Each structure stands twice: as C-alpha cells, then as structure tokens.
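K.L.:
Numbering (my numbering), first residue to last: 1196 to 1461. Glycine included, C-beta positions come from ideal geometry on N, C-alpha and C. Every value quoted in this text rests on a predicted model; they were computed, and no experiment measured them.
1. Can you tell me whether residue 1372 is helix, strand or coil according to DSSP?
2. Please list the segments of the alpha helix (DSSP H) lying wholly inside the region 1361-1427, counting only runs of 4 or more residues, in order along the chain.
3. Is it right to say residue 1287 is buried, meaning 16 or more other beta carbons lie within 10 angstroms of its own, or is it exposed?
4. From 1223, 1389, 1237 and 1411, pick the residue whose C-alpha is nearest to that of residue 1422; which is it?
5. With 16 other CB atoms within 10 Å as the buried threshold, where does residue 1198 fall?
6. Mind listing, in chain order, the continuous alpha helix (DSSP H) runs of no fewer than 4 residues lying wholly within the region 1297-1366?
7. Return the first residue and the last residue of the alpha helix (DSSP H) that residue 1443 is part of.
8. Taking 7 angstroms as the limit between beta carbons, can you name the residues of its chain near residue 1429, skipping five residues before and five after?
9. Near residue 1239, what residues of its chain come up, given a Cβ to Cβ distance below 7 angstroms and the 5 sequence neighbours on each side ignored?
10. From residue 1434 to residue 1409, what does the alpha carbon distance come to, in whole angstroms?
11. When DSSP labels each residue in this structure, what does residue 1227 get in the three-state scheme?
12. Closest to residue 1223 by CA distance: which of 1245, 1213 and 1457 is it?
13. Quick one: Cα of residue 1372 to Cα of residue 1380, how far?
14. Taking just the CA atoms, how far does residue 1365 sit from residue 1281?
15. Hey, residue 1363 and residue 1301 are a contact pair by Cβ (cut 8 angstroms); roughly how many whole angstroms apart?
16. Do residue 1344 and residue 1253 have their CB atoms nearer than 7 angstroms?
17. Which residue comes first and which comes last in the alpha helix (DSSP H) that contains residue 1462?
18. Considering Cα atoms alone, identify which of 1367, 1342, 1316 and 1334 is closest to residue 1360.
Following this line, the structure appears as structure tokens:
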C-alpha cells in the first residue's frame, strides 16, 4: 500500500526533532575528537563519552524507525543499519582501546582498570548495561534482516567489554549486601555471564543456520573458555559444570569437523 502525502508529512514533522538531536550528538563527538588531539591522556575518558553519544544516537535512529512503521507502515532499514553501526563502532573503539581479548587474565583485567581511575564501578556498570539494552533493541529491530547473524560478534565484543571493566577485586572484597559496591559488582558479573552466554549461543545458531563455518564454533569456544574462568572465580560449581559440558561437547564437534575437512582435502 502506497504511503499517502499526509502520512509522509506527519512522519517528517514528528521525526525532524529526532534527526536534529542526532546531528547535534554527531557534532559533540567531533568536538571530543579535538580534545584528544590536545591531550592524549584524556583519550580513555573521551572514548567512553563518545560511546555514550553513540548509544544515544542508536536509540534515536531506532525511535525514528518505530515512528516510520507506526505512521507510514514502513520499515526504515537505513535507520536500523545506522543504529547497528553506532553500537558496532563504539564497541570496536573501546575494545581496541582496552586491548580486551577472550583469553585475558584477571591480572591483565586489573591493569586495564588502573588506567580508568576516574571511572567508578557504577559508571562502568552503567556503560555496559547501556550497551546491552541498546544492543538488544537493535537486534530486535533487525529481526531476520540482512545483518541478523552479525549480532553474534556484537554480543561477543560486549562480553569482552564487560570482562575488562569488571572489578573482580571489588567483588571479592564485598561479602555483605550493606557494603558499598556489593550489588553493583554482582550485577556486573551477572551481566558478563549472560552476555557471554548469549554470544556463544548466537555463534552456535549462526553455525547451524548460516553457512556451517567452523570458525563460528571456535569463537563460541573462546567465550565458553572465558566463562570457565568467571565461574571458577565466582565459585559457582553447578554453572561451571554445565559450562564444562557445553565446552567439551563443542570442542569434540570442532575436532570432528576439522578432521573431516582434512580428510576431504586428501
């Protein structure tokens, strides 16, 4: 059904303020780039501020898409793609800046945290929670679209960010709910576990439904290996046992597939 003139005018009128907000946030990000050039020591904090702006922009893009579907009955792939790119680029920048990798040790994690002394554990938690919320709604907006399987990588990157910004020492120090940081450190650990588990499932589903790429299973294994470290630290034997079973099963599957590939080449 064709979009009427009235629908288009109504959509343009209502969506214009959102587009202006996006433009304003983009200008703010550019200004922050100039700050980095003036003082490189501020870069870690500037990058985080830019990431927050990116999450705000992504949310606005998705609001515009929602308005389009409501007013014009038209999905706007451009806005959904822009939202995904904002989240993707912001995650990539922070992963690069922190050096986060799946096999990072708890000692390496602490070394990164020492570079962010002005970033409290509450702000770190708010940041990763914000990423998760926006990533979830972006994935929902994408649905079964062209970039459906790209979200495995995004959840994986977010799990790395959750890990590198997790204060494991704070978790160990706080044993009583009344202690400062107790609830935040538990919430952060729960988010880390859930995001890494989600990423591993996404990679497994991607393997099964989109190409049978063994590399996707290998990426899932790295995430399960990270969860192994986390469960061991948290002292959760039940979940650790479940994770170990999944890890063993997936490793066996990969070994079988690689062996078959090698035989097929002969």
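P.N.:
Working from what's here:
1. coil
2. 1363-1368 and 1377-1404
3. exposed
4. 1389
5. exposed
6. 1301-1308, 1316-1337 and 1346-1359
7. 1432-1460
8. 1384
9. 1292, 1310 and 1311
10. 25 angstroms
11. helix
12. 1245
13. 11 angstroms
14. 31 angstroms
15. 5 angstroms
16. no
17. In the structure as shown, the chain starts at 1196 and stops at 1461, and residue 1462 therefore has no counterpart that could be examined.
18. 1316
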